[in-house]
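Residue numbers (the working numbering), protein chains in the order written: chain A, 1 to 376; chain B, 377 to 752.
Protein chains: 2
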Amino acid sequence: MNKYRLMSPGPTPVPEKVLLRMADTMIHHRTPQFQEVLKRVNVKLKQVFSTKNPVLIMASSGSGAMEASITNLVSAGDKILVIKGGKFGERFAEIAEAYGVEVVEYAIVWGESADPRIVENMLKENPEIKAVYSTLCETSTGVVSDIKEIGRVVAKTNAVLVVDAISGFLADELKTDKWGVDVVVCGSQKGFMLPPGLAFLSIGPKAEKLLAGSKLPKYYFDLKVALKSYGKDDTPWTPAVSLIMGLDSVLDMIIEEGLDNVIERHAYLANITREAVKAIGLELFALNPSNAVTSVKVPDGIDGVGLVKKMRDEQGITIAGGQGSLKGKIFRVAHLGYMDGYDTMTAIAGIEIVLKQLGYDVKFGKGVAKAQELFK
Amino acid sequence: MNKYRLMSPGPTPVPEKVLLRMADTMIHHRTPQFQEVLKRVNVKLKQVFSTKNPVLIMASSGSGAMEASITNLVSAGDKILVIKGGKFGERFAEIAEAYGVEVVEYAIVWGESADPRIVENMLKENPEIKAVYSTLCETSTGVVSDIKEIGRVVAKTNAVLVVDAISGFLADELKTDKWGVDVVVCGSQKGFMLPPGLAFLSIGPKAEKLLAGSKLPKYYFDLKVALKSYGKDDTPWTPAVSLIMGLDSVLDMIIEEGLDNVIERHAYLANITREAVKAIGLELFALNPSNAVTSVKVPDGIDGVGLVKKMRDEQGITIAGGQGSLKGKIFRVAHLGYMDGYDTMTAIAGIEIVLKQLGYDVKFGKGVAKAQELFK
């Protein structure tokens with residue numbers, strides 16, 4: 001028996017009852033039955049996104065919604081500010097380039113987080129910037145951004161703030177309306193505990209005003225068309241019916257646990273992980289670590305790629321390695337979605353075992369004991 | 377108990393074992409485990425698409441792949457020929473317009489099918505046309521196109537042939553390579569017997585040559601990027617893991633039944649439906665009817681919208697009404713995907729009952745008996 005444990009920052013495990021909900025009879029999407037589901041999902045999404053504005057559902061991965069957040073708000077030749085501190089900040093810049101949008105780059109050393117005062121200064125120096133693109137949790141480094149403060153800074157300008165919250169959402173706090181976040185982009189396969197295949201995009205009035213002026217071509221991801229259907233509790237294209245059924249279930253789970261409790265649980269699991277890896281003698285990589293994923297420096301002399309591989313192939317625990325320039329230098333353990341303390345403890349136990357196999361001097365149970373101590 | 381019967385041209389019923397396959401443990405997409413699935417799915421897709429060329433899998437509905445088939449092949453200002461005989465032909469034209477591509481329109485009366493000789497003449501008159509866009513089955517009218525002959529005509533020119541086979545695929549014959557079809561666009565929720573959320577796009581060498589020259593902006597649907605990942609049995613963005621697991625299963629089912637047998641079964645069910653509705657005294661709408669869906673004229677004096685509604689709400693059988701200008705004038709019964717003779721017979725029995733309720737003079741069992749006679 002090879003039991004499979006998914007501890008990567010997406011996809012994350014899907015609760016069994018949600019898997020079974022998605023295995024129910026397929027129904028047609030243009031029927032009162034499905035419209036009723038969509039109607040209550042739309043209400044619950046607003047609640048979970050802490051917004052009174054529309055949250056659109058797309059049949060695509062998160063990158064599709066990231067593209068929509070550029071092609072619908074600006075035009076070719078417009079300037080946007082992209083906060084680039086990892087692979088997903090880079091993705092925003094790549095999309096902008098593909099569409100001829102000019103990127104003013106705020107490049108951060110990977111592992112560090114954006115300084116809101118620098119964002120403020122860059123906006124002052126470039127008053128023509130139409131939109132600021134940030135990540136909530138930069139999945140590739142495990143860093144969380146200070147969206148609250150960035151929101152305060154951007155709100156004072158004409159620019160809108162777009163946040164890629166794909167991996168951080170439901171793990172790190174994000175008060176969409178209160179913090180002045182105009183667009184939040186999410187995916188289904190992270191904190192939402194669903195399979196990949198759905199993306200979400202919330203859009204506030206300041207961003208909605210930009211839709212009419214955006215001249216970039218689009219069709220499938222045209223938010224004007226999507227909003228028109230949304231107003232009728234419909235979707236412009238055939239929706240991913242089974243995933244939306246699952247969404248209905250996970251939103252109930254999230255609301256039942258309580259949004260604040262969900263985030264607190266992630267903070268708790270992240271804290272256990274951080275303290276346990278420190279107890280093993282390892283060093284954290286992110287200066288401002290996210291609650292979604294903990295990035296850990298691979299100790300000198302240890303094979304970081306091998307560590308992730310042995311965890312997966314021998315221990316049955318799928319964690320993530322470093323991406324791009326961080327390959328082999330960090331590993332990343334998620335505590336995201338359908339996770340509790342024992343899941344986290346299991347990951348730590350596996351890491352202890354594999355580190356020892358790779359020649360690292362670790363006393364079994366040190367990290368595990370730290371986790372146990374912190375259990376609530 | 378309200379048993380739900382899905383007889384619409386997408387979504388279609390999903391076999392129970394496929395539903396359960398998709399309910400299996402979520403796994404990570406960048407792992408040897410998932411790569412192995414993708415590798416065999418890629419091989420089986422080629423077989424089912426009757427092509428030796430790549431068949432790309434996208435996380436989107438079919439409309440996303442339709443968009444990709446325009447934005448990757450041509451540039452703004454280029455001319456394309458769109459065969460427009462219903463809602464989905466119109467969609468190609470709308471996408472082209474959104475991207476500034478010039479559409480030469482071959483408008484057909486809804487219910488009729490394209491004349492390949494007219495396509496030939498239009499290509500002669502407009503030698504600058506870069507691509508021809510046709511549907512296999514125009515879902516809105518139930519008409520099947522003569523793709524074999526259109527393929528022969530287009531193959532003699534520099535233009536490529538793109539076929540939206542979303543609803544017709546696996547029901548109507550389509551020999552991709554043999555018939556010179558350069559791009560086939562498909563969706564998961566029709567003949568493939570899966571939930572909506574995946575799109576497929578096959579691309580042959582004549583179309584692939586156009587990718588480099590296309591100047592239209594794109595990112596999520598960039599086929600150059602998708603082909604690069606495809607070559608490594610990978611996907612550029614997070615794939616819809618659970619739906620691809622289901623795809624692995626349905627492809628086995630299709631290959632086990634045999635591609636020709638699958639199409640023959642659809643032809644058989646379509647024939648039963650056509651003969652049965654004629655036995656009831658109704659008239660077929662499509663001149664060249666598809667094997668995917670049978671469109672039937674609503675008899676004079678009968679409420680066509682009410683018929684579809686009563687079928688759904690009182691009989692539990694979801695069929696489709698007419699779209700656009702055909703609203704209330706036709707109804708459409710699918711025999712698509714996971715369907716056999718008794719499913720078809722059930723739809724006919726329901727139609728008899730509802731027609732009688734609406735005041736149409738029908739003798740119970742007439743259509744049903746015709747179906748029974750034709751049973752194999």
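No residue lacks a Cβ here, since even glycine has one placed at the ideal position from N, Cα and C. Predicted, not measured: the structure shown is a model, and the values here were computed from it.
- In this structure, Gly111 (chain A) and Phe285 (chain A) form a Cβ contact; the two beta carbons are roughly 5 Å apart against a cut-off of 8 Å.
- Chain order gives the chain A residues near Val617 (chain B) as Pro11, Pro195 and Pro196, where near means a beta carbon separation below 7 Å.
- Scanning its chain for C-beta atoms nearer than 7 Å, with the 5 sequence neighbours on each side dropped, one finds around Glu90 (chain A) the residues Lys84, in chain order.
- Cβ atoms of Arg406 (chain B) and Thr722 (chain B) stay farther apart than 8 Å, at about 44 Å.
- Across the set B:Leu750, B:Ala696 and B:Asn637, the C-alpha of B:Leu750 shows the shortest separation from the C-alpha of Glu651 (chain B).
- Of all C-beta pairs linking the stretch 58-74 of chain A to the stretch 194-206 of chain A, three or more are shorter than 8 Å, placing the two stretches in contact.
- For a cut-off of 8 Å, the C-beta gap from Val241 (chain A) to Ser69 (chain A) is around 25 Å, too long to register as a contact.
- At least 8 Å separates the beta-carbon of Tyr714 (chain B) from that of Val419 (chain B).
- Contact annotation: Ile523 (chain B) and Leu512 (chain B) have beta-carbon atoms nearer than 8 Å.
- Runs of beta strand (DSSP E) with 3 or more residues, each lying fully within the stretch 161-236 of chain A, are found at 183-187 and 198-203, listed in chain order.
- The secondary-structure analysis by DSSP pairs Thr670 (chain B) across a beta bridge with B:Val709.
- The three-state secondary structure of Val520 (chain B), taken from DSSP, is strand.
- For Ser510 (chain B), the enclosing beta strand (DSSP E) starts and ends at Ile505 to Thr511.
- Within the stretch 24-59 of chain A, the complete beta strand (DSSP E) segments of 3 residues or longer fall at 55-59, listed in chain order.
- Using a 10 angstroms sphere on the CB of Met245 (chain A), the tally of other CB atoms reaches 16 or more, which defines it as buried.
- For His642 (chain B), no CB of chain A lies under 8 Å from its own CB, so it is not counted at the interface with that chain.
- Taking the C-beta atoms as reference points, Val82 (chain A) is found nearer than 8 Å to Glu105 (chain A).
- Measuring C-alpha to C-alpha distances from Val144 (chain A) to each of A:Arg152, A:Asp172 and A:Lys206 identifies A:Asp172 as the nearest.
- Secondary structure note for Tyr482 (chain B): its beta strand (DSSP E) is the uninterrupted segment Glu478 to Ala483.
- Residues of the same chain with a CB within less than 8 Å of the CB of Tyr606 (chain B), apart from the 5 flanking positions on each side, are Asn418, Pro430 and Leu432 in chain order.
- In its chain, beyond the 5 residues on either side, Leu174, Lys175, Thr176, Asp177, Lys178 and Leu259 have a beta carbon closer than 8 Å to the beta carbon of Ser50 (chain A).
- Close to Ala98 (chain A), with beta-carbon spacing below 8 Å, are these residues of chain B in chain order: Pro593, Lys594, Tyr595 and Asp598.
- With contacts defined by Cβ atoms closer than 8 Å, Val18 (chain A) and Leu194 (chain A) form a contacting pair.
- Taking all protein chains shown into account, Phe34 (chain A) has 16 or more neighbouring C-beta atoms within 10 Å of its C-beta and is therefore buried.
- In the three-state reduction of the DSSP assignment, Ile695 (chain B) falls in the coil class.
- Residue burial annotation: Leu251 (chain A) is buried, with at least 16 other C-beta atoms found within 10 angstroms of its C-beta.
- Neighbourhood of Ile95 (chain A) in chain B, by CB distance below 9 Å: Tyr595 and Tyr596, in chain order.
- Proximity of Tyr509 (chain B) to chain A, defined by a Cβ-Cβ separation below 8 Å, is not satisfied.
- With a 10 Å radius around the Cβ and a threshold of 16 neighbouring Cβ atoms, Lys379 (chain B) comes out exposed.
- Pairing His642 (chain B) with Asn667 (chain B) gives a Cβ-Cβ distance under 8 Å.
- Take the alpha-carbon of Gly735 (chain B) and the one of Ala710 (chain B): they are about 24 Å apart.
- Between Ile80 (chain A) and Ile129 (chain A), the C-beta gap is smaller than 8 Å, which places the two residues in contact.
- Three or more Cβ pairs drawn from the stretch 151-159 of chain A and the stretch 119-126 of chain A lie within less than 8 Å of each other, which places the two stretches in contact.
- Residue pairing by DSSP puts Arg5 (chain A) in a beta bridge opposite A:Ile317.
- Between Ile351 (chain A) and Arg332 (chain A), the C-beta gap is not smaller than 8 Å, which leaves the two residues out of contact.
- For the 8 Å CB-CB criterion, Ala76 (chain A) and Leu216 (chain A) form a contact.
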